[in-house]
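> Sharing a structure here in structure tokens format.
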Amino acid sequence: MPLGADCARYTTLSLLRRARMHIQKLEDQEQRARQLKERLRSKQKSLQRQLEQLRGLAGAAERERLRADSLDSSG
-13 MPLGADCARY TTLSLLRRAR MHIQKLEDQE QRARQLKERL RSKQKSLQRQ
37 LEQLRGLAGA AERERLRADS LDSSG
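Below is the structure:
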């Protein structure tokens, strides 16, 4: 273990190194979070489009059923 001024220098360098590693870890986590957020946004848009398509199909089926019912009741 270094003594005196060397000890303080060693401790300071060690703290700086640990701080740099911690900052890098936080930056990596932030990048992964951003990527996940983007994937989730994309998935949400895809699911929203699917939902709109299904609603459109359900609406068309309902209109067809109503048309068929009106034809049955008139004949």
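Those letters in the sequence shown? Residues -13 to 61, per our numbering, in order.
Ideal Cβ placement from N, Cα and C applies to all residues, glycine included.
Express the C-alpha separation of ARG(-5) and MET(-13) in angstroms, rounding to a whole number.
As a working note, residue -13 is residue 1 in the sequence shown. As a working note, residue -5 is residue 9 in the sequence shown. Here the model assigns MET(-13) a pLDDT of 49, short of 50, so the residue's position is not dependable, and the following value carries that caveat. Looking at the two C-alpha atoms, the distance is approximately 12 Å.
> Using the Cα positions of ALA54 and ALA46, report the straight-line distance between them to the nearest angstrom.
If you number the sequence shown from 1, residue 54 lands on position 68. If you number the sequence shown from 1, residue 46 lands on position 60. Straight-line Cα distance between these residues: approximately 12 Å.
> Between LEU52 and ARG41, what straight-line distance do the alpha-carbon atoms span, to the nearest angstrom?
Along the sequence shown, read from residue 1 onward, the residue named residue 52 stands at position 66. Along the sequence shown, read from residue 1 onward, the residue named residue 41 stands at position 55. Taking the straight line from one Cα to the other gives about 16 Å.
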